[in-house]
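J.: Residue numbers (the numbering used here): 122 to 359. In this text, a Cβ means the ideal position worked out from N, Cα and C, and glycines have one as well.
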């Protein structure tokens, strides 16, 4: 068994290659998902998506789950224009749509809304989202005279797990995962928290005062790189 200097809990699934990369730097990562994604497969939703695939809409995607949920119901490649969060969400968009379809990407909802507003000709948008979507994006666009039609294509279901192990750090990627985790658990004050986005961080801070390192980029690999960098640069001699 290898000896690890640091124990990390990641609340979202990771590629094995990412886990092995951390292990090579004396960091063990346990992966436990605290939420379950349930795609909505109702006849009404399927009919709605398939009717839209023949229209020239402008769509918004802010999560991988939304892209996957929509794509599974498409029977042909639609002629849509797309605004998307970057990182893994953009990569998923490119699996199902042409790159020329993407009007703009951004690292978070705030930056994406600014880019959408900058496209003066855009007045109607279709936002494919989950049932726990944040208010910031649609509210900002509405306040700038842009009509947003929301279509909920998946559900976030909380799956709390009681944790009995102490970790040097915990990594969160969404407010839903934070709420699920803290519904059963607390953290020692010296546990460092890594968070994606200011909204996730705000949710964390409603539960604890632990040191929280926030990243605005949504990629899992980039976040784990940050974890590796933090522990190897700051605590490798501990």
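List the residues that DSSP assigns as beta-bridge partners of residue 245.
T.: DSSP output for residue 245 lists 268 as bridge partner(s).
J.: Go ahead and pull the three-state DSSP assignment for residue 206.
T.: Residue state, collapsed to three classes: strand.
J.: Near residue 310, what residues of its chain come up, given a Cβ to Cβ distance below 7 Å and the 5 sequence neighbours on each side ignored?
T.: Once the five neighbours on either side are set aside, the close Cβ partners of residue 310 are 331.
J.: Do you know how far the Cα of residue 225 is from the Cα of residue 239?
T.: One C-alpha to the other measures close to 10 Å.
J.: Between which two residues does the alpha helix (DSSP H) holding residue 310 run?
T.: Where residue 310 is concerned, there is no enclosing alpha helix (DSSP H), given that its DSSP letter is neither H nor E.
J.: Does the distance from the CB of residue 345 to the CB of residue 143 come in under 8 Å?
T.: Their beta carbons are under 8 Å apart, which means residue 345 touches residue 143 by this criterion.
J.: Looking at C-alpha atoms only, which residue of 130, 150, 134 is the closest neighbour of residue 124?
T.: Nearest of 130, 150, 134 to residue 124, Cα basis: 150.
J.: Assign residue 191 to one of three DSSP states: helix, strand, or coil.
T.: Looking at residue 191 - three-state DSSP - the assignment turns out to be helix.
J.: Below 8 Å on the Cβ atoms is my contact criterion, and I expect residue 294 with residue 314 to pass it. Report the Cβ-Cβ distance as a whole number of Å.
T.: The Cβ separation is near 12 Å, so there is no contact.
J.: So which of 167, 201, 221, 327 has the shortest CA-CA distance to residue 175?
T.: When each option's Cα is compared against that of residue 175, the closest is 201.
J.: Are three or more beta carbon pairs between the segment 208-218 and the segment 229-237 nearer than 8 Å?
T.: In short, these stretches do not touch, since the Cβ pair count stays below three.
J.: If you reduce the DSSP assignment to three classes, tell me which class residue 359 lands in.
T.: Caution applies to residue 359, whose pLDDT of 38 falls short of 50 and renders its modelled position unreliable; the model cannot decide the point.
J.: Helix or strand or just coil, what does DSSP make of residue 328?
T.: Coil at residue 328, not helix or strand.
J.: Based on Cα-Cα distance, which residue from 243, 289, 288, 204 lies nearest to residue 250?
T.: The option with the nearest alpha carbon to residue 250 is 204.
J.: May I have the straight-line CA-CA distance separating residue 147 from residue 352, to the nearest angstrom?
T.: Looking at the two C-alpha atoms, the distance is approximately 9 Å.
J.: For residue 174, which beta-bridge partners are listed by DSSP?
T.: Looking at the DSSP assignment, residue 174 forms no beta bridge with any residue, so it has no partner.
J.: For residue 336, name the three-state secondary structure that DSSP assigns.
T.: Residue 336: strand per DSSP, three-state reduction.
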